[in-house]
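Undergrad: The sequence shown runs contiguously to residue 117 in UniProt numbering.
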Amino acid sequence: MQGILYEEPSVWLFLLVTCIMGGWAAWMTGRACARTWRPIPILVFYMLLLGIAVRFIHFALFGGTMLTLHYYVVDTIVLIVIGTLGYRYTRTKQMVRQYHWLYEKVSPFSWKERTRA
1 MQGILYEEPS VWLFLLVTCI MGGWAAWMTG RACARTWRPI PILVFYMLLL
51 GIAVRFIHFA LFGGTMLTLH YYVVDTIVLI VIGTLGYRYT RTKQMVRQYH
101 WLYEKVSPFS WKERTRA
């Protein structure tokens with residue numbers, strides 16, 4: 001996997017910087033977008049910017065390359081996935097809490113219309 005998903009000598013650096021640090025920021029950004037009723041394309045735009053910040057951390061702290069399209073795309077895809085999970089989790093809680101007479105929770109990431117009995 002080294003060379004495909006990450007350029008560092010250890011997978012732990014990729015997990016620390018991209019998945020934990022960047023993932024936390026992506027989750028919080030997804031949560032903020034959901035709480036302010038912004039659409040998904042805005043979240044994707046924010047994740048593109050966050051991908052640049054994550055590449056900078058790889059570059060500044062661990063000697064990675066800053067301007068590599070391949071690793072930028074890998075990092076950004078990971079961030080988009082985590083950010084979208086945070087968005088859906090928060091949006092599900094919003095819809096079920098604010099419109100409890102219309103929707104019920106199906107999973108942590110989805111809701112459905114309440115059946116009329």
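Positions of the beta carbon are idealized from the N, C-alpha and C atoms, including for glycine.
Mind checking whether TYR103 and LYS112 have CB atoms under 8 Å apart?
TA: Going by C-beta atoms, TYR103 is nearer than 8 Å to LYS112.
Undergrad: Counting only the same chain and skipping the five closest in sequence on each side, list residues whose C-beta sits under 7 Å from that of GLY51.
TA: Once the five neighbours on either side are set aside, the close Cβ partners of GLY51 are TYR72, ASP75, THR76 and LEU79.
Undergrad: Going by the DSSP bridge assignment, what does TRP37 pair with across the sheet?
TA: Answer is none; TRP37 lacks a bridge partner.
Undergrad: Applying the criterion that 16 or more other CB atoms from any shown protein chain within 10 Å of the CB defines a buried residue, is LEU43 buried or exposed?
TA: With 16 or more Cβ atoms within 10 Å of its Cβ, LEU43 is classed as buried.
Undergrad: Could you pull the DSSP bridge partners for TYR87 from this structure?
TA: Answer by DSSP bridge pairing: none, since TYR87 is not bridged.
Undergrad: Give the straight-line distance between the Cα atoms of HIS58 and MET28, rounded to the nearest whole angstrom.
TA: Their Cα atoms are separated by approximately 20 Å.
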